[in-house]
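The next block holds one structure in the form of C-alpha cells; read it before the comments.
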Amino acid sequence: MNASSEDDAVREDAAEGSFQRPLWPSLLLPLLAAACVRIAVAIAFSGTDPAGDERAYLLLGERWRLEGTYEGIWAPGYPALIAVLGGLLGDTSTAALRGLQVALGLWNVAWIAALAAVIGGRRGGACAAWIAALYLPLAGFAGLLYSEPLHLALFTPALALLAAASRRSSAASLRVAAGAGVLLGLAALVRESSLLFVPILGLWLARNGAAGGASRASLALTMVACSLATILPWTLRNAAVHGQLVPIAISTGGSAHVGLNAHDVNYDLAGLGGAPARAPGALRAAIRGPAPEAWSAESQGAPAARARANVTQGLRYAARHPAFFLRSRVVELVDLLSPLSFPVRSLRLASPGPPLGGAGARLAFAACAVLMVPALLLLALRGWWAMEASAAHRGLLLSVSGVVVLSALVNGMSRYRLPALPLLIGFAALALIGTRADDGKTRRRAATVIGAGLLLLWVPSIEGVQQTLSALR
Amino acid sequence: MSPEDDPQGQVAPSEPHGEGPVQWLLALGLGAAAAITITLGLSGAPTTEELLERARTPDDPRTQVQAMHALILRGYWEERPLEELTSHLESSSAEVGDFVTRMHGSLLRPR
Chain R
1 MNASSEDDAV
11 REDAAEGSFQ
21 RPLWPSLLLP
31 LLAAACVRIA
41 VAIAFSGTDP
51 AGDERAYLLL
61 GERWRLEGTY
71 EGIWAPGYPA
81 LIAVLGGLLG
91 DTSTAALRGL
101 QVALGLWNVA
111 WIAALAAVIG
121 GRRGGACAAW
131 IAALYLPLAG
141 FAGLLYSEPL
151 HLALFTPALA
161 LLAAASRRSS
171 AASLRVAAGA
181 GVLLGLAALV
191 RESSLLFVPI
201 LGLWLARNGA
211 AGGASRASLA
221 LTMVACSLAT
231 ILPWTLRNAA
241 VHGQLVPIAI
251 STGGSAHVGL
261 NAHDVNYDLA
271 GLGGAPARAP
281 GALRAAIRGP
291 APEAWSAESQ
301 GAPAARARAN
311 VTQGLRYAAR
321 HPAFFLRSRV
331 VELVDLLSPL
341 SFPVRSLRLA
351 SPGPPLGGAG
361 ARLAFAACAV
371 LMVPALLLLA
381 LRGWWAMEAS
391 AAHRGLLLSV
401 SGVVVLSALV
411 NGMSRYRLPA
421 LPLLIGFAAL
431 ALIGTRADDG
441 KTRRRAATVI
451 GAGLLLLWVP
461 SIEGVQQTLS
471 ALR
Chain G
1001 MSPEDDPQGQ
1011 VAPSEPHGEG
1021 PVQWLLALGL
1031 GAAAAITITL
1041 GLSGAPTTEE
1051 LLERARTPDD
1061 PRTQVQAMHA
1071 LILRGYWEER
1081 PLEELTSHLE
1091 SSSAEVGDFV
1101 TRMHGSLLRP
1111 R
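Chains R and G supply the protein sequences, listed in that same order. Using the working numbering, read the first sequence as starting at 1 and increasing by one per residue. Using the working numbering, read the second sequence as starting at 1001 and increasing by one per residue.
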C-alpha cells in the first residue's frame, strides 16, 4: 500500500467510524421541520381543484379501480396507488392521497440524508436532511398530486444502495445490487423515462462496485436483471392488451410530438398568456428563431403504433431541420434548469388557502423557491468540484445528471430534474460541511464549464421568472 | 477523471480469474430468458377473435370492458366501419357503452 492509499484507508476508517454512529438522532429536527413545511403546503392546497396531470392521474386511478383496466399512456405506478387507495378508503381516498404525499416527502428527506451520509459521512447526512426539509421546490410537491414524490421514494433508496455498494470498505453484496435493481424497476413503473437509468447505473456499478465478494460485473448484471424482472410482469400485461411489445408505457410519442416539433411549450410558464404552443419570453424566442412548419401527430391506428410513429416523425423532423433542432434543444435545457418549479406554477394556477392564501405569503414562498434552485445547483457544483468525495460518487452524480439532461432533451421542464435532486443535495451538503480537497485540474476545468453553462442557461429564464412573480402579486 | 484529480480515487481490484465467461453466460442466459418470456407473452396474447368473444361475455361487465379496451388499444375499431362498433355496443352491457363514450368518445364520431 502506498502513502496515498494509506491516507485513503485512514480517511475511510474515520468515515466508517463516524458512519457507524447512528444517523437517525441527527434527523429528528430536520424531519420535524420537513413535516411542518409539507403539512403547511398540503393544507394550503387541500381545497384546490386538481388540475392538468393531477386530474388525469385521479381519473385514471378511479377508472382502474372501477373497471379493472388501465387507460393511461403513462407508466402505471401512480394511478395504481390511487386505485388501491380508492379501493381501501372510498370517498376519502383523495384526502388520504394528500396525506400520503406528505409521508412520502418525509421518507424522501430521510433517504436523501442516508444517501448524503454515504457520500459525506454523518454530518453530511444531517446537513442534507436540513436542505431537503427546507428546499421548497421539493417540499412543495407535498401539496400536489403528481407522481414525483412516489418516484423519488423508490429511486432515492436505490441510489443510496448503489452509493453504498461503491464504498471500498463495505462488502457490496449481490443482495444490495438486487435491492437497488428492484427499486429502479419499481421507479421505472412510476415514471417511464426512469428506465433510462437502469443501463446507465448498471454501467456505473460495473465500473465502481466494490469487489468485496461478488465481481463488479456480477453486481451490475444482478442489478439490471432485477430491474428488468420487476418490469417484466407489466410488459407481459402490455403484450396481452396492446398485442405488441410495450415495455412500460407509450408516453414518449406524446412527448416527441410536443418536444421534437415546432411547438414551444414550457409547462412551468403555462397559463401566463399567449398561445399554448408558444411560451412567453423574448430571449427564448430569439434563441429558437423561426420554427419550420409543425408536423401533425398520427391520428389513426393502435395507440402504441401511433406513439412509435410520432417518435419516428419527431426524429425525422430533427434531421430535416438540424439548426432549429439544436437551437430548440438549448431552450429545452433552459426549461430543465429554470429556477421555476411546479410548486411555484401551482401557486399561480391554483388558488391555495391559508397559510399560502395571501399574496405576500405566496410571493415569499415563490421568491424563496426561485432563489433556492440556483443556490442548490451552484453549491452542488462546488461540492462535486472542490470537496473530498470518492470518484465513484462523483461519477454517480454525473451519470444521473447525464440521464436527466438526456431525457429532457426531448421536452424539458423543471419537473424532470427531480431524479438528480437527491445527489445534488448530497453534494451541496458536502460543500457546506465537507473537507476541501485538492482541486483536480480536470475537475476544476469541468466545473468552470458547467458553472458558466448554468449561468448562461439561466439568463433566458429571467423573463419567465419575472412574469411568474408578477402574476403572484 | 485521473487519479491525480481525486485523492480518494479507487483503484479497481482485479476480477477473480475464471469469472468472465461465467458472467457472460449468465448475462446471455438471463437475456435469453427475458426474450423467451416476452415472446411467449406476445404469442400467448389473446387474439382479436378471443377479445371480441370476451367483449360479449354475459354477466361480466368488467371482462367486457377490459376486452373492449384491448380491442381499442390494438386499433381494431378504427379499421372497422362505425356501424359495426355501434351494433357491437348495442349488444354489450351498459358499462361497455359508458366506457367507450367516456374514455374513447372520438371513436363514435362519424368518419
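C-beta atoms are modelled at their ideal positions from N, C-alpha and C, and glycine is treated no differently. Quick caveat: nothing in here was measured; it's all calculated off a predicted structure.
Close Cβ partners of residue i (< 7 Å) along its chain, the five nearest in sequence each way excluded
i       : result
R/A14   : Because the pLDDT at R/A14 is just 45, under 50, the model does not fix this residue reliably, and the value given afterwards should be weighed accordingly. Cβ neighbours of R/A14 beyond the five flanking positions: none.
R/N238  : V246
R/A158  : A180, L183, L184 and A187
G/L1051 : A1067, A1070 and L1071
R/A83   : G61, W64 and R65
Chain R contact residues for residue i, given Cβ-Cβ distances below 7 Å
i       : result
G/R1074 : H242, G243 and A302
G/E1078 : Q300 and G301
G/P1046 : A240
Under 8 Å from the C-beta of residue i: neighbouring residues of chain R
i       : result
G/L1026 : S218 and L221
G/V1065 : E67, G68 and T69
Distance cut-off 6 Å: residue i Cβ against heavy atoms of the ligand NAD
i      : result
R/L430 : Because no ligand of any kind appears in the structure shown, any question about the ligand NAD cannot be addressed here.
Nearest neighbour of residue i, chosen from the options [CA to CA]
i       : options                           : result
R/E463  : R/P354, R/L272 and R/A408         : R/L272
R/S93   : R/F155, R/L376 and R/S46          : R/S46
R/R443  : R/S401, R/W384, R/S407 and R/R436 : R/W384
R/A95   : R/Y70, R/V118, R/A44 and R/L406   : R/A44
R/L162  : R/L144, R/A153, R/E148 and R/L184 : R/L184
R/R21   : R/V118, R/A386 and R/L455         : R/V118
R/W234  : R/L144, R/A178, R/L186 and R/L347 : R/L186
R/A177  : R/E62, R/G209 and R/G125          : R/G209
R/P374  : R/A359, R/L424, R/R394 and R/S328 : R/L424
R/L469  : R/G99, R/G61, R/L349 and R/D264   : R/L349
R/P322  : R/P290, R/F342 and R/S299         : R/P290
R/L236  : G/G1029, G/A1045 and G/A1027      : G/A1045
R/I450  : R/L58, R/L379, R/G99 and R/G357   : R/L379
R/Y57   : R/L66, R/L397, R/T69 and R/W74    : R/W74
R/I287  : R/A318, R/A270, R/V334 and R/R306 : R/V334
R/D53   : R/L232, R/A80, R/L100 and R/Y146  : R/Y146
R/F155  : R/G121, R/G125, R/S227 and R/R167 : R/S227
R/R167  : R/S401, R/L396, R/S461 and R/L454 : R/L396
R/D268  : R/V331, R/D439 and R/L31          : R/V331
R/D438  : R/A447, R/V459, R/M387 and R/R473 : R/M387
G/L1073 : R/I231, R/L174 and R/A240         : R/A240
Beta-carbon neighbours of residue i, restricted to chain G and to distances below 8 Å
i      : result
R/T235 : I1038 and G1041
R/A305 : G1075
Contact list for residue i against chain G, beta-carbon separation under 9 Å
i      : result
R/L232 : A1034, T1037, I1038 and G1041
Nonlocal neighbours in the same chain, by C-beta distance under 6 Å from residue i, ignoring five residues either side
i       : result
R/A114  : A160
R/H242  : A304
R/Y135  : M372
R/L484  : Because residue 484 of chain R is not part of the residues shown, which for chain R are 1 to 473, the question remains open.
G/L1108 : none
G/L1042 : none
R/N266  : A279 and D335
Close Cβ partners of residue i (< 8 Å) along its chain, the five nearest in sequence each way excluded
i      : result
R/L336 : V404, V405, A408, G412, M413, S414, Y416 and R417
R/V224 : G181, V198, P199 and G202
R/I39  : V102 and A142
R/P149 : Q101, L104, G105, N108, F141 and A142
R/L23  : A113, A114, A117, R122, G125 and A126
R/A446 : W385
R/G453 : none
Cross-chain neighbours of residue i in chain R, by beta carbon under 9 Å
i       : result
G/R1062 : L66, E67, G68 and T69
G/A1070 : T69, A240, V241, H242 and G243
Under 7 Å from the C-beta of residue i: neighbouring residues of chain G
i      : result
R/L228 : A1034
R/A225 : L1030
R/A319 : Per Cβ cutoff of 7 Å: no residues; R/A319 is ~27 Å from chain G at best.
The stretch 124-131 of chain R contacting the stretch 140-147 of chain R, beta-carbon criterion three pairs below 8 Å
no
Could you tell me whether the stretch 22-38 of chain R touches the stretch 101-113 of chain R, using the rule of 3 or more Cβ pairs below 8 Å?
Yes, they touch.
Does the stretch 1019-1031 of chain G come into contact with the stretch 217-229 of chain R, if we say contact requires no fewer than three beta-carbon pairs (one atom in each stretch) closer than 8 Å?
yes
Across the stretch 249-265 of chain R and the stretch 306-315 of chain R, are there enough close Cβ pairs to call them in contact, namely three or more that are closer than 8 Å?
yes
Does the stretch 290-305 of chain R come within contact of the stretch 258-269 of chain R, defined as at least 3 CB pairs closer than 8 Å?
yes
Examine the Cβ distances between the stretch 279-293 of chain R and the stretch 342-358 of chain R and report whether three or more of them are shorter than 8 Å.
no
Contact between the stretch 1094-1104 of chain G and the stretch 323-333 of chain R is defined here as three or more beta-carbon pairs at a separation below 8 Å; is this criterion met?
The answer is no - the stretch 323-333 of chain R does not touch the stretch 1094-1104 of chain G, with fewer than three Cβ pairs under 8 Å.
Is it the case that the stretch 1085-1093 of chain G contacts the stretch 1047-1066 of chain G, given that we only count it when at least three CB pairs across the two stretches are under 8 Å?
yes
Closer than 8 Å is the cut-off here; do at least three beta carbon pairs connect the stretch 76-91 of chain R with the stretch 385-394 of chain R?
With the cut-off at 8 Å, the stretch 76-91 of chain R and the stretch 385-394 of chain R do not touch.
Could you tell me which whole alpha helix (DSSP H) segments of length 4 or greater appear in the stretch 276-330 of chain R?
The qualifying runs are 282-288 and 303-320.
Inside the stretch 353-411 of chain R only - beta strand (DSSP E) runs reaching at least 3 residues
none
Hey, which unbroken runs of the alpha helix (DSSP H) at 4 residues or more fall wholly within the stretch 1033-1064 of chain G?
1048-1054
Can you give, in chain order, each stretch of the alpha helix (DSSP H) that sits fully within the stretch 10-73 of chain R and has at least 4 residues?
Fully enclosed alpha helix (DSSP H) runs of 4 or longer: 24-45 and 53-67.
In chain order, each alpha helix (DSSP H) run of at least 4 residues that lies wholly inside the stretch 91-154 of chain R:
93-134 and 136-139
Indicate whether the contact test is met: 3 or more Cβ pairs, each with one atom in the stretch 55-69 of chain R and one in the stretch 1058-1068 of chain G, closer than 8 Å.
yes
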